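Following: one structure in structure tokens, then a few remarks.
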Amino acid sequence: MKKHHFHFSFTPLGAAVALVLMLGTIPLAGSGPPGTNIKANLPYTPVVTPNGSTLPWKMVDGVKEFHLVVEEIQWEVAPGMVIKAWGYNGQTPGPTIEAIEGDRVRILVTNQLPEPTAVHWHGVILPSGMDGVQGLTQRGIAPGETFAYEFTLRQHGTQMYHSHGDEMTQIGLGTMGFFIIHPKQRERKIDRDFAIFLSEWFVAPGSSRPNPKIMTDFNIFTFNSRAYPGTAPLVARTGERIRIRFANVAQETHPIHLHGHSFKVVATDGGDIPLSAQWPETTVLVAPGQTRDIELIANPGDWALHCHRRHHPMNAMGHDLPNMLGVDQADVQEKIRELLPHYMAMERTGMGGMQAMAGHMAGPENTLPMMAGDGPYGAIQMGGMFTILKVRDHLKAGDGAAWYQPPEGTVAEKVPAGQRLEPTKP
Amino acid sequence: MKYHVWTAVRAFAGLFIVSSCASVPLDGGFRGVQEQVETRSGAHIHWIQGKPEDREVVEQIQSMLSKKLSADEAVQVALLNNPSLQATFEDLGIAQADVVQAGLLKNPVFAARVRFPAQEGSNNTEFSVEQNFLDIILLPARKKLASEKFKQAGFNVGSAVLNLALEVRSTYYTLQGDQQLLAMQRTVVQAAESASELAEHQHMAGNISILDLSNQRAAFHEAKVRLMQSEAGIVAKRERLSSLMGLAEPDNIWKIKAVLPELPHQEPPSGALEDRAISQRLDLAAARQQTQILQRALSLARFGVVSPVTLGVNTEREADRPNLLGPTVEIGIPIFDRGQAASARIQSQLRQSKKQLEAMERQVRSEVRIHRSQLLAARARVEYYRDNIIPLHEQVVHLSQRHYNYMLKGVYALLQAKRNEIDVRSQYIEALTDYWVAQSELERAVGGRLSTLTRDDGTPMKNDESEIPPEEHHMQHDEPEKPPEEHHMQHDEPKKPPEEHHMQHDEPEKPPEEHHHHQGGKPR
Ligand SMILES: [Cu+2]
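These protein sequences, in sequence, are chains A and B.
My numbering puts the first residue of the first sequence at 1, with every later residue one more than the last.
My numbering puts the first residue of the second sequence at 1, with every later residue one more than the last.
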């Protein structure tokens, strides 16, 4: 396969950077979340938010105090595409809040948006007046104001926080984040704990501001507001217990599928699912307003993790394009080229060739090609809600960028010439 | 008797020779017209009179027709070859004959009388030669009148030549514009055909319904029938130009240049043009000449008051007496008709023609202003298309292609974007045609080419290129022989619109003839 160098490809360098960022939040040698006073001996495995971060806190009179600033940000969806999103502390999703059941938390919220906002602590059991619904449980936080929310955590689980003022705009532009409450004690140790927010956007090709008025025709689908090939891989060691938390406050349901594993949905935003009630899955459906935690034991390999709606693991594509599958365009192409010298007929054999084409044909500004990514065996032809779970027997630096080396004889190959190829008959 | 008769005849013959030696050289008048036409149109005329030069003219025409004709060449062919124009040239011959006629005295009247005696006796014979004396006196005035008329005929012929030149020029530009539009329409048809073929293939592949296919087919056939209509229109326009150029059917293989010239860099200022029109328009000259003619006619009429005076010699012989020879005089007595009516009539005509001349001059000035403003309006439209609309549509096509590359737009939308671009290019061509037709009209109003500033292809004229800095180059005079009133156009230069300055100064290093290429939206 010819290798095309184009700026949004998932280059080893980009992956290495992503890995370093990610490893920075992995509790190696007992380091705590960045910025905290507590260096070691957390009673939980800190959560990794790929492409994101964890919100630091400090103890103030026995209360864990967090500070969120909601503002407009420049957010890179993937190399080659930067949007004007709204987020917390410079990111979307906002930094992950982690606390422990029983903690008293105080969350300061400073509004730097051009309109009032309020933050709702989705799924958290708290006094009504702390629920953060603008107009219903509190006055809106005016631009420039800082509000304090304070409550004691009486549960554990994967909760969320998100704007509850002008949701169409504010959530539509990215104002949400994880609120993870760890149990005081966990029966089974989790080796790796990942959190992935599912979102969709409409960014008109060639533009940079998501259109919050679009309700169904989204064209960008993201894990933690990043689209493949901008999504960081999840790296783990063979045999580790991995938890992946999914959250959704957008418009669509996302059936998230993990290759190579059977997993169990162990919790929802309502709490833990008893062991006896868990059943094996390879795909978990995450509807708007839900969180789902899955757990699995890592198998070695490079495993695709993606939404199973066909158009979600891909980037923007026109919706009303003529169907050219199987259409012979060779003669017409020459005629059209007389008018449009750069014209290339597409799709006769399918859309897969599009990735190669996008490699040498320019697209609109600030727009990702609908499919991208080069793997060890050629074009991966993916985008959007797609990432890779990389499981290795022995972890070392750079694993996030490297490809899995399969044992001899374990890769599908072309049948040698001369071998009988008769299909089995029923 | 014989002797005396011959004496009388000889005396008149002397008078005749004196009076009639003022014959006009055969093509003297035509040469004048040639010069007038040449300074005004830059084109040459030839009067086919069966002379050896005719052959060269035919060859010249053939050589011009063998290549793609420029507007100037089309004008030139017409001026050399248009049969109606050749017919008009005969007006000069006619006027010239009138001049000769005016220089001829009326033939003297010879009378012979024989009287026979009633009784016996010899015959009485009498011979006389009589000539109207007034005729002799008026001869110089009449000659002057005829030569003024001859001059007027020259102006009229010149004016007819220039009018033909204008008609050829504007027909040429219209045809040229239409040819370009036709080429674009062919592209539109090609786009529609491609879309239709794609739809056929889509249908064959099972991807679209017959309904969708029919829509694409219909769009294609509609584009095609519009093309057919335009092609028919071109045939008629070609025929028109062909007949103006005096070409008969077998010669109809001529071609004109494919592309309209681009805009010249600037227009001459209007004040100068009006004055130039007044001084150089040949129809005005002819009208002015009319007052001259009437003036002459008036003095002639005043002479006419003297009424017929006939002088003569009379010789009489009677057999028995010596011959008598003596002058005779007959004078009309102007009691009843003193010529007052004729003179008053001419005076009225004279006043009338002066007023008409004044009206005509105002009309001419107004025409110059109208056509100049039309020219400027067409220029503004051309520039707007060239600098704004076409670049935007090019951008749309370019970006549509990028959207197509990323599967954000389909091929039909891409083809449609291209068609829209062709549409605005067509509108540009229409505006440019309007510009050149307006320029031809303005030239007609001014009574000659504006070509001191621009060449036929719209580029500025150049003469002593080495001495002139490029940004001023186009204002320079190329033809020093041009009438003086054009010189002050240079002094008006600071009045030209500022944006034209900036067009110039953007790229001062460019050679002047490339100036018109530097615009982004240069249409193809
Ligand atoms: Cu999905």
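Virtual Cβ for every residue (Gly too), placed ideally from N, Cα, C.
None of the values given here were measured: they were computed from a predicted structure.
Listing by chain order, which chain A residues have their CB less than 7 Å from the CB of V411/B?
-> For the purposes of this step, residue 411/B is taken as residue 411 along the second sequence, with counting starting at 1. In chain order: P322.
Compute the distance between the beta-carbons of P428/A and F194/A, then report whether it is under 8 Å.
-> No answer is possible for residue 428/A: the residues shown for chain A start at 1 and end at 426.
Residue from N366/A, E145/A and A372/A whose Cα sits closest to the Cα of M461/A | Missing from the structure shown is residue 461/A; chain A here goes from 1 to 426 and no further.
Measure the Cβ-Cβ separation of S440/B and R169/B and say whether it is below 8 Å.
-> Counting from one through the second sequence, the residue named residue 440/B turns up at place 440. Counting from one through the second sequence, the residue named residue 169/B turns up at place 169. Yes; because the gap between Cβ atoms is below 8 Å, this pair is in contact.
Helix, strand or coil: how does DSSP classify G271/A here?
-> The residue labelled residue 271/A in the question sits at position 271 within the first sequence. The answer is strand: DSSP assigns G271/A an E or B state.
Between the segment 406-417 of chain A and chain B, which residues of the former have a C-beta closer than 8 Å to a C-beta of the latter?
-> none
Between K462/B and chain A, is there a C-beta pair that is closer than 8 Å?
-> Taking the second sequence and counting its residues from 1, one reaches residue 462/B at position 462. Legend: pLDDT at K462/B = 40, less than 50; position of this residue unreliable, value from coordinates given subsequently. So, not an interface residue.
Would you report the Cα separation of G326/B and N314/B, rounded to the nearest angstrom?
-> Indexing the second sequence from 1 puts residue 326/B at position 326. Indexing the second sequence from 1 puts residue 314/B at position 314. Distance between the alpha carbons of G326/B and N314/B: 5 Å.
Give me the Cα-Cα distance between Q185/B and Q395/B, rounded to the nearest whole angstrom.
-> Here residue 185/B corresponds to residue number 185 of the second sequence, with the count starting at 1. Here residue 395/B corresponds to residue number 395 of the second sequence, with the count starting at 1. Whole-angstrom Cα-Cα distance: 21 Å.
Residues from the segment 251-269 of chain A in contact with chain B, defined by Cβ distance under 7 Å = none
Compare the C-beta of N405/B with all C-beta atoms of chain A and state if any pair is closer than 8 Å.
-> Taking the second sequence and counting its residues from 1, one reaches residue 405/B at position 405. Answer yes: the Cβ-Cβ gap between N405/B and chain A drops below 8 Å somewhere.
For the segment 187-198 of chain B, which residues have a beta carbon sitting closer than 8 Å to at least one beta carbon of chain A?
-> T187, Q190, A191, E193, S194, E197 and L198
Taking 7 Å as the line, does the beta carbon of F221/A fall inside it for any heavy atom of ligand 1?
-> If you number the first sequence from 1, residue 221/A lands on position 221. F221/A Cβ: within cutoff of ligand 1.
By DSSP, does P128/B sit in helix, in strand, or in coil?
-> Reading the second sequence from its first residue, position 128 is the one you call residue 128/B. Here residue 128/B is Ser; the residue named in the question, Pro, does not match the sequence. Note: S128/B maps to strand in three-state DSSP.
Return the Cβ separation of Y228/A and T387/A in integer angstroms, given the expectation that the two are a contact with Cβ distance under 8 Å.
-> Translated into positions along the first sequence, residue 228/A becomes position 228. Translated into positions along the first sequence, residue 387/A becomes position 387. 6 Å between Cβ atoms; contact.
Any Cβ of chain B within less than 8 Å of the Cβ of A358/A?
-> Position 358 of the first sequence holds residue 358/A. It does: the Cβ of A358/A has a partner Cβ on chain B nearer than 8 Å.
Following the continuous beta strand (DSSP E) through E240/A, name the residue where it begins and the one where it ends.
-> For this step, residue 240/A is matched to residue 240 along the first sequence. From DSSP, E240/A is part of no beta strand (DSSP E); its letter is neither H nor E.
Would you please state the rounded distance, in angstroms, between the beta carbons of L442/B and L450/B? I believe it to be under 8 Å.
-> What you label residue 442/B is simply residue 442 of the second sequence in a count that begins at 1. What you label residue 450/B is simply residue 450 of the second sequence in a count that begins at 1. Correct: roughly 7 Å between the Cβ atoms.
For a contact meaning CB atoms closer than 8 Å, what does V332/A contact in chain B?
-> Residue numbering aside, residue 332/A sits at position 332 when the first sequence is read from its first letter. Think of a sphere of 8 Å around the beta carbon of V332/A: the chain B residues whose beta carbon falls inside it are S194, E197, L198 and H201, in chain order.
Nonlocal neighbours in the same chain, by C-beta distance under 8 Å from I346/B, ignoring five residues either side = The count along the second sequence starts at 1 and reaches residue 346/B at position 346. Only L294, A297, L298 and A301 meet the Cβ criterion.
Under a three-way DSSP split, which group does W254/B fall into?
-> Here residue 254/B refers to the residue found at position 254 of the second sequence. Correct three-state label for W254/B: coil.
Tell me, to the nearest whole angstrom, how far the beta carbon of A298/A is from that of T238/A; I am working on the premise that it is less than 8 Å.
-> Start at 1 with the first residue of the first sequence, and residue 298/A comes out as number 298. Start at 1 with the first residue of the first sequence, and residue 238/A comes out as number 238. About 6 Å separates the two Cβ atoms, so the contact holds.
Quiz: which residues have CB nearer than 5 Å to ligand 1 non-hydrogen atoms | H254/A, C307/A, R309/A and H312/A
Exposure label - S366/B; buried when at least 16 CB within 10 Å = Locating residue 366/B in the second sequence gives position 366, where the first residue counts as 1. So S366/B ends up on the exposed side.
Candidates I196/A, I141/A, Q134/A and R420/A, of which the one nearest V48/A by Cα | By 1-based counting over the first sequence, the position of residue 48/A is 48. Taking only the C-alpha atoms, the option nearest V48/A is I196/A.
In the structure shown, what three-state DSSP assignment does Y149/A receive?
-> Translated into the one-based positions of the first sequence, residue 149/A becomes position 149. DSSP places Y149/A in strand when its eight states are reduced to three.
Could you give the C-beta distance for R113/B and E126/B, rounded to a whole number, given that I count them as a contact under 8 Å?
-> Residue mapping note: residue 113/B aligns to position 113 of the second sequence, counting from 1. Residue mapping note: residue 126/B aligns to position 126 of the second sequence, counting from 1. Contact between R113/B and E126/B holds, with the beta-carbon distance rounding to 4 Å and staying under 8 Å.
Segment contact flag, the segment 267-280 of chain A with the segment 84-102 of chain A, C-beta cutoff 8 Å, min 3 pairs = Touching, no, given that fewer than three Cβ pairs across the two stretches are closer than 8 Å.
Residues, ordered as in the chain, of the segment 369-391 of chain A that lie near chain B by beta-carbon distance below 7 Å = P369 and M370
Can you list the alpha helix (DSSP H) stretches of 4 or more residues lying completely in the segment 403-456 of chain B, in chain order?
-> Listed in chain order, they are 411-446.
Would you identify the three-state DSSP class for K184/A, choosing helix, strand or coil?
-> By one-based count along the first sequence, residue 184/A stands at place 184. Note: K184/A maps to coil in three-state DSSP.
Is Q476/B helix, strand or coil by DSSP?
-> Locating residue 476/B in the second sequence gives position 476, where the first residue counts as 1. Residue confidence for Q476/B is low, a pLDDT of 36 falling below 50, so the modelled location carries little weight; the figure read from the coordinates is stated next. Q476/B: coil per DSSP, three-state reduction.
Hey, is A205/B's beta-carbon within less than 8 Å of any beta-carbon in chain A?
-> In the second sequence, the residue the question calls residue 205/B occupies position 205. Cβ-Cβ to chain A under 8 Å: yes for A205/B.
Applying a beta-carbon distance threshold of less than 8 Å, which residues of chain A neighbour Q401/B?
-> The residue labelled residue 401/B in the question sits at position 401 within the second sequence. Going along chain A in sequence order, the residues near Q401/B (Cβ under 8 Å) are L340, H342 and Y343.
Check the Cβ of K418/B against every Cβ in chain A and list those closer than 8 Å, keeping chain order.
-> Reading the second sequence from its first residue, position 418 is the one you call residue 418/B. Residues of chain A passing the Cβ test: L339 and L340.
Measuring alpha carbon to alpha carbon, tell me which of I253/B, M407/B, L145/B and N163/B ends up nearest A531/B.
-> Nothing in the structure corresponds to residue 531/B, since chain B is present only between 1 and 524.
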